[in-house]
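Protein chains in written order, with the working numbering: chain A, 456 to 756; chain B, 456 to 756.
Please read the structure below before turning to the comments.
Number of protein chains: 2
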Amino acid sequence: MRITILGNNSAIPACGRHPTAQIVEIREQLLLVDCGEGTQMQMQRYGIRTRRIHHIFISHLHGDHYFGLIGLLTSMGLLGRTEPVHLYAPPKLEDIINIQLNAAATVLPYELRFIPIEDDDSKMLINTPYITVQCFPTEHRIPCHGFVFESKKGGRVLLPEACKTYEIPAAYYARLKEGADYMQKNGELVKNEWVTSDPPPPQKYAYCADTLFTESFLSHIAGADIMYHESTYLNDLAQRARERFHSTALEAAQLAQKAGVKRLLLGHFSSKYEDLSVFEQEARSIFPATEITQEGMSFEV
Amino acid sequence: MRITILGNNSAIPACGRHPTAQIVEIREQLLLVDCGEGTQMQMQRYGIRTRRIHHIFISHLHGDHYFGLIGLLTSMGLLGRTEPVHLYAPPKLEDIINIQLNAAATVLPYELRFIPIEDDDSKMLINTPYITVQCFPTEHRIPCHGFVFESKKGGRVLLPEACKTYEIPAAYYARLKEGADYMQKNGELVKNEWVTSDPPPPQKYAYCADTLFTESFLSHIAGADIMYHESTYLNDLAQRARERFHSTALEAAQLAQKAGVKRLLLGHFSSKYEDLSVFEQEARSIFPATEITQEGMSFEV
Chain A
456 MRITILGNNS
466 AIPACGRHPT
476 AQIVEIREQL
486 LLVDCGEGTQ
496 MQMQRYGIRT
506 RRIHHIFISH
516 LHGDHYFGLI
526 GLLTSMGLLG
536 RTEPVHLYAP
546 PKLEDIINIQ
556 LNAAATVLPY
566 ELRFIPIEDD
576 DSKMLINTPY
586 ITVQCFPTEH
596 RIPCHGFVFE
606 SKKGGRVLLP
616 EACKTYEIPA
626 AYYARLKEGA
636 DYMQKNGELV
646 KNEWVTSDPP
656 PPQKYAYCAD
666 TLFTESFLSH
676 IAGADIMYHE
686 STYLNDLAQR
696 ARERFHSTAL
706 EAAQLAQKAG
716 VKRLLLGHFS
726 SKYEDLSVFE
736 QEARSIFPAT
746 EITQEGMSFE
756 V
Chain B
456 MRITILGNNS
466 AIPACGRHPT
476 AQIVEIREQL
486 LLVDCGEGTQ
496 MQMQRYGIRT
506 RRIHHIFISH
516 LHGDHYFGLI
526 GLLTSMGLLG
536 RTEPVHLYAP
546 PKLEDIINIQ
556 LNAAATVLPY
566 ELRFIPIEDD
576 DSKMLINTPY
586 ITVQCFPTEH
596 RIPCHGFVFE
606 SKKGGRVLLP
616 EACKTYEIPA
626 AYYARLKEGA
636 DYMQKNGELV
646 KNEWVTSDPP
656 PPQKYAYCAD
666 TLFTESFLSH
676 IAGADIMYHE
686 STYLNDLAQR
696 ARERFHSTAL
706 EAAQLAQKAG
716 VKRLLLGHFS
726 SKYEDLSVFE
736 QEARSIFPAT
746 EITQEGMSFE
756 V
């Protein structure tokens, strides 16, 4: 699993920083999480191909989290896309997209499958043999959701050369992945561990979107390998953060502690801060495994 | 009058080029003409302060001409603007803005004065003692308008030092601007040309927006000091240009000739072209006073 940052700023673009957008790469799928203005240009800059995106998640309808979506969807159409796009978002976004497509007399050449996330939804959005994605409500000025991305523990991983050496037929591969040994025609046993390796461990990434400091969604994010949490302000502005339904770097670190996550990523910085290293310092004072997100950075789980 | 290019690309952002947006500076006012995605970031990059913008003109509702508007308007609000913004645009844009403001529970702290431009409108939008702005319909796939910006011939320009030398009272300055001489108390005549200089000549900029090659709006753009015309394609794709209601560089040059304009600016280049110099070459073959627009360039009338 890998998280790539396309934008890390809150509200107004500033100091050369773009509004929120991230790519979550999980089992070779690219998932787009939020889509602030300029996201399609940022994808070009960092070599993310739009045709690899099949699922888009929008946390809430403040513009710094979705104003780049209509441009991205339109460009996908102009590029001749035919594969569907699944869009998980607050219900009103469907009207916002349609009114703009209609005004341009545009019919997308691909299917836009809209999956509404209602105000208090806490539900499974994707559940395949390899991954799950769930949403949970955060506490913000308007309805807002975080997302938990998990890769499942898969089957054992085949070692192609070894399978060939023991002349194991492809039809038997599914059983090997389940851990079975193989009996050769000459009666000799091929032990499973000779032809497979351990499956990759399950991984968990929790994206906490915009929220004030709260433990209300602790159960959803507990034990994550990486947790992304907003830190719009430093803690000397904790009062302002509360008033605006945002958090501070210290609060994010407190939640990371309580949730027992392994690493904390900070983002959604207010435009008033030019130097971001102070966010890292503040959070590390109580949660050392903290990193600030910067555009173009990738974080491997 | 000065035109500054913030974006010059058509449809999809590509080759590091942004979609259409321009600043027209005229008698110390900054007017924003079209507002593709990323315009607010481009304004930051090129040092254009949003608070100096009071009038915004949107040619039509294809996204590459307005997807950056909602972000700009929202940012103006977040920056605490209180002065009104005048928005001249197709009627549907008002709904598109309102649905997005409502979804975010946002109330702008300034007045957004919406001035609708109906499909076939050809009318005066601004008429002050110093400038006029008129719109005219172009021929595009959806209703689209060009704009003509003109500075009026003002009064004669006072020479402050000379006025002081001859002790002319400030109350008489308005008459000086009209060209009157001044009689001193001692009976000696001060000739107008001793204390004023010639007024700046009136100037005309024609922005032809998106359009197929047509002479239908020739009367509006005739004699312009500078004409901006789209050239989405080169002339070997004239057929494709027609089908998509766009123009070629050669067609833009032909119109410049017929309209008797002094200079031609080309823009709105298709993403398929990385090298733009060929557009200039093609147009200059019949209209030598042609320049291509590039982001960050300013053109003085």
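Glycine residues also receive a C-beta, built at the ideal position from the N, C-alpha and C atoms.
Item, Value
"Beta strand (DSSP E) segment containing residue 682 of chain A, residue limits", "681-685"
"Integer Cβ distance of residue 726 of chain A from residue 470 of chain A, believed to fall under 8 Å", "7 Å"
"Proximity winner among B/670, B/666 and B/718, relative to residue 514 of chain B (alpha-carbon distances)", "B/666"
"Contact set between residue 466 of chain B and chain A, taken where Cβ atoms lie within less than 8 Å", "530 and 533"
"The stretch 653-664 of chain B contacting the stretch 681-695 of chain B, beta-carbon criterion three pairs below 8 Å", "yes"
"Contact belief for residue 750 of chain A with residue 460 of chain A at Cβ below 8 Å, rounded distance in angstroms", "6 Å"
"Residue 729 of chain A versus residue 718 of chain B: straight-line alpha-carbon distance, rounded", "42 Å"
"Start-to-end residues for the alpha helix (DSSP H) that takes in residue 738 of chain A", "732-739"
"Inter-residue spacing [alpha-carbon to alpha-carbon] between residue 539 of chain B and residue 467 of chain A", "20 Å"
"Nearest-angstrom Cα separation, counted from residue 756 of chain A out to residue 655 of chain A", "11 Å"
"Helix, strand or coil at residue 692 of chain B [DSSP, three-state]", "helix"
"C-beta atoms of residue 571 of chain A and residue 537 of chain A nearer than 8 Å", "no"
"Residue from A/620, A/577 and A/644 with nearest C-alpha to residue 599 of chain A", "A/577"
"Residue 550 of chain A versus residue 697 of chain A - alpha carbon distance", "31 Å"
"Reference residue 560 of chain A, options B/588, B/480, B/573 and B/596, closest by Cα", "B/596"
"Identified DSSP bridge partners for residue 582 of chain B", "B/587"
"Distance between residue 584 of chain A and residue 617 of chain A (C-alpha atoms, nearest Å)", "25 Å"
"Contacting positions in the stretch 540-553 of chain B - beta carbon closer than 7 Å to chain A", "547, 550 and 551"
"Chain A contact residues for residue 517 of chain B, given Cβ-Cβ distances below 7 Å", "559"
"Residue 547 of chain A versus residue 516 of chain A: straight-line alpha-carbon distance, rounded", "8 Å"
"Contact list for residue 522 of chain B against chain A, beta-carbon separation under 7 Å", "525 and 526"
"Residue-level contact to chain A via CB, residue 462 of chain B, 8 Å cutoff", "no"
"Residue 521 of chain A versus A/641, A/752, A/552 and A/747, residue with shortest Cα-Cα distance", "A/552"
"Continuous beta strand (DSSP E) stretch holding residue 544 of chain B: start and end", "540-544"
"Stretch pair the stretch 630-645 of chain A + the stretch 599-611 of chain A: three plus CB contacts closer than 8 Å", "yes"
"Top-ranked residue by Cα proximity to residue 543 of chain A, from A/523, A/753, A/674 and A/573", "A/573"
"Status (buried if at least 16 other CB within 10 Å, exposed otherwise) for residue 535 of chain B", "exposed"
"Helix, strand or coil at residue 556 of chain B according to DSSP, with G and I counted as helix", "helix"
"Selected residue, minimal CA-CA separation from residue 569 of chain A, among A/590, A/511, A/555 and A/639", "A/511"
"Contacts of residue 749 of chain B in chain A (Cβ-Cβ under 8 Å)", "Within chain A, no residue comes near residue 749 of chain B; the closest Cβ sits about 17 Å away, beyond 8 Å."
"Partner residues on chain B for residue 596 of chain A, Cβ-Cβ distance less than 8 Å", "560"
"When A/636, A/712, A/602 and A/541 are compared against residue 649 of chain A, the one with the closest alpha-carbon", "A/636"
"Interface residues of chain A facing residue 492 of chain B [CB-CB closer than 7 Å]", "492, 493, 523 and 526"
"Rounded C-alpha distance that separates residue 733 of chain A from residue 743 of chain A", "13 Å"
"Supposed contact pair residue 494 of chain A and residue 530 of chain A - C-beta distance, whole angstroms, cut 8 Å", "Not a contact, Cβ separation roughly 10 Å."
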